[in-house]
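Numbering (the working numbering), first residue to last: 331 to 464.
Where a beta carbon is used, it is the ideal one built from N, C-alpha and C, also for glycine.
Keep in mind that this is a model prediction, so the values were computed, not measured.
The next block holds one structure in the form of structure tokens; read it before the comments.
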């Protein structure tokens, strides 16, 4: 997972995933899946509140640019709504991190049993050595 300017970027096996694809990919781990679904909902609520707040802030700014008497009460209300979006955004970030970590940890337990290193003795003009490939 990466957090970009435009939102979250989820990557699995070099392929980008959407929120829905991420939720589907983590269905094998119920706890991780629930955290990711919760984060998706919180992210949606945060985005809606931020857009509404930004729009309400923008209306009086546009009015002042157009030389109309601006209604600054809308900007104050919009600022309050935008501030309310921050806790939702932070909760979404924390929950998606926890969900992805839980999912990745569950994958590591299954992959460690398949660890089979290969040892080779190497000899060349510089000397003799031991190589381990895994």
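Check: How long is the line joining the alpha carbons of residue 414 and residue 408, rounded to whole angstroms?
Finding: For the purposes of this step, residue 414 is taken as residue 84 along the chain shown, with counting starting at 1. For the purposes of this step, residue 408 is taken as residue 78 along the chain shown, with counting starting at 1. In a straight line, the C-alpha of residue 414 is about 10 Å away from that of residue 408.
Note to self: I'd like to check one pair, residue 353 with residue 343: are the Cβ atoms closer than 8 Å?
What the structure shows: Indexing the chain shown from 1 puts residue 343 at position 13. Indexing the chain shown from 1 puts residue 353 at position 23. Contact: no.
Checklist line | 8 Å Cβ cutoff met for residue 372 and residue 418 | finding: Along the chain shown, read from residue 1 onward, the residue named residue 372 stands at position 42. Along the chain shown, read from residue 1 onward, the residue named residue 418 stands at position 88. A contact, by the Cβ cut-off of 8 Å.
Notebook entry, point to check: Buried or exposed: residue 456, going by 16 or more other Cβ atoms within 10 Å of its Cβ?
Noted result: Taking the first residue of the chain shown as position 1, residue 456 is located at position 126. Exposed.
Note to self: To test your reading of the DSSP string, which unbroken alpha helix (DSSP H) runs of 4 or more residues are found completely within the segment 385 to 445?
What the structure shows: 402 to 442
Check: Between residue 365 and residue 425, which are expected to be in contact by the criterion C-beta below 8 Å, what is the C-beta distance as a whole number of angstroms?
Finding: The residue you call residue 365 lines up with position 35 of the chain shown. The residue you call residue 425 lines up with position 95 of the chain shown. About 5 Å; that satisfies the 8 Å criterion.
Check: In this structure, does DSSP put residue 456 in helix, strand or coil?
Finding: Here residue 456 is taken as the residue at index 126 of the chain shown, counted from 1. Looking at residue 456 - three-state DSSP - the assignment turns out to be coil, as it is neither helix nor strand.
Checklist line | DSSP three-state assignment for residue 359, whether helix, strand or coil | finding: For the purposes of this step, residue 359 is identified with residue 29 of the chain shown, where counting begins at 1. Three-state result, residue 359: coil.
Note to self: Quick check on this structure: which residue in 434, 401, 368, 390 has the alpha carbon closest to the alpha carbon of residue 422?
What the structure shows: Here the question's residue 422 lines up with position 92 in the chain shown. Measuring from the Cα of residue 422, the nearest candidate turns out to be 368.
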